[in-house]
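Visitor:
In mature numbering (1 follows the signal peptide of the UniProt record, and there is no 0), the protein residues as written are -20 to -1, 1 to 175.
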């Protein structure tokens, strides 16, 4: 009987260790969250969110099937123009006082081929939640000379800002919109594996 109990305990412990999930945190000193949008139809205005955080929980070495959660502080928006940033934080756009955060929660993270992955999840902006699909490049995992294990990803995608109630706009004399509807997103993310 003791042998049976010991065997069961051993199997439970071994299986728990085998399938233990790894938790990864964002290295914000080596990451960025950027966006761009058309201005006057002739150029793009670029910006970034300076304050954000997130976690990745992975059970597979290649990160497939990982769970990803991400939160952005809207008030940290930075387009290198203080007046424009204040307008973006106002009710015409993000209404940061009422909706201080942008959140993303993954539904699936699948390997497509090679370094390419597809990330699908719920993106919530200004109280509106929509499913989005993003392209991801997994750049690999390394042992850092400074200590610890790191992984790197580049995430790209597009959303329509009107879908999230970011509808302020004006028309030019030619009929074109001052600000485009489509927002391009680019995130370079470096992760630290937690001990």
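Ideal placement from N, C-alpha and C gives every residue a C-beta, glycine not left out. Only a predicted model underlies this, so the values are computations on that prediction, with no experimental measurement involved.
Using DSSP with H/G/I as helix, E/B as strand and the rest coil, what is residue 24?
Guide: Strand.
Visitor: Taking 6 Å as the limit between beta carbons, can you name the residues of its chain near residue 26, skipping five residues before and five after?
Guide: Answer for residue 26: 16, listed in chain order.
Visitor: Is the CB-CB distance between residue 30 and residue 57 below 9 Å?
Guide: In contact: residue 30 and residue 57 (Cβ atoms closer than 9 Å).
Visitor: What's the gap between the Cα of residue 46 and the Cα of residue 138?
Guide: Roughly 22 Å separates the two Cα atoms.
Visitor: Return the bridge partner residues of residue 2 from the DSSP annotation.
Guide: Answer is 38.
Visitor: Measure the C-alpha to C-alpha separation of residue 61 and residue 39 and round it to an integer number of angstroms.
Guide: Going from the Cα of residue 61 to the Cα of residue 39 covers about 42 Å.
Visitor: Can you tell which of 87, 91, 63 and 55 has the C-alpha that lies nearest to the C-alpha of residue 78?
Guide: Nearest option by C-alpha distance: 55.
Visitor: According to DSSP, simplified to helix, strand and coil, what is residue 118?
Guide: Here residue 118 sits in strand by DSSP.
Visitor: Counting only the same chain and skipping the five closest in sequence on each side, list residues whose C-beta sits under 6 Å from that of residue 175.
Guide: Same-chain partners within the cutoff: there are none.
Visitor: Given this structure, state the Cα-to-Cα distance separating residue -8 from residue -1, to the nearest angstrom.
Guide: Residue confidence is low: residue -8 scores 40 on pLDDT, short of 50, so the model does not pin down where it sits. Its coordinate-derived value is still stated next. Near 10 Å, if we compare the C-alpha coordinates of residue -1 and residue -8.
Visitor: In whole angstroms, what is the alpha-carbon distance linking residue 142 and residue 127?
Guide: Rounded to the nearest angstrom, the two C-alpha atoms are 44 Å apart.
Visitor: Consult DSSP for residue 144 and reduce its assignment to one of helix, strand or coil.
Guide: Three-state result, residue 144: helix.
Visitor: Using the beta-carbon count (16 or more within 10 Å), is residue 71 buried or exposed?
Guide: Per the 10 Å Cβ criterion, exposed.
Visitor: Is residue 144 near residue 132, with beta carbons less than 9 Å apart?
Guide: Cβ distance not < 9 Å, so residue 144 and residue 132 don't count as in contact.
Visitor: Let me know the beta strand (DSSP E) ranges lying completely inside the segment 82 to 135, each 3 residues or longer, listed in chain order.
Guide: If we require 3 residues or more, the beta strand (DSSP E) runs fully inside the segment 82 to 135 come out as 96 to 105 and 108 to 123.
Visitor: In this structure, how does DSSP classify residue 60 when only helix, strand and coil are distinguished?
Guide: Note: residue 60 maps to coil in three-state DSSP.
Visitor: Where residue -5 and residue 89 are concerned, what is the direct C-alpha to C-alpha distance, given to the nearest angstrom?
Guide: Caution is warranted here: a pLDDT of 41 is assigned to residue -5, below 50, making its placement in the model unreliable, and no coordinate value can be reported.
Visitor: Spatial neighbours of residue 51 within its chain, please: CB distance less than 6 Å, with the 5 preceding and 5 following residues excluded, ordered by chain position.
Guide: Counting only Cβ-Cβ distances below 6 Å, and skipping sequence neighbours, we find 33, 81 and 83.
Visitor: List the endpoints of the continuous beta strand (DSSP E) containing residue 170.
Guide: Where residue 170 is concerned, the enclosing beta strand (DSSP E) stretches over 159 to 173.
Visitor: Rounded to whole angstroms, what is the Cα-Cα separation between residue 160 and residue 125?
Guide: Each residue's Cα considered, the two are about 43 Å apart.
Visitor: Helix, strand or coil, according to DSSP, for residue 30 in the structure here?
Guide: Coil.
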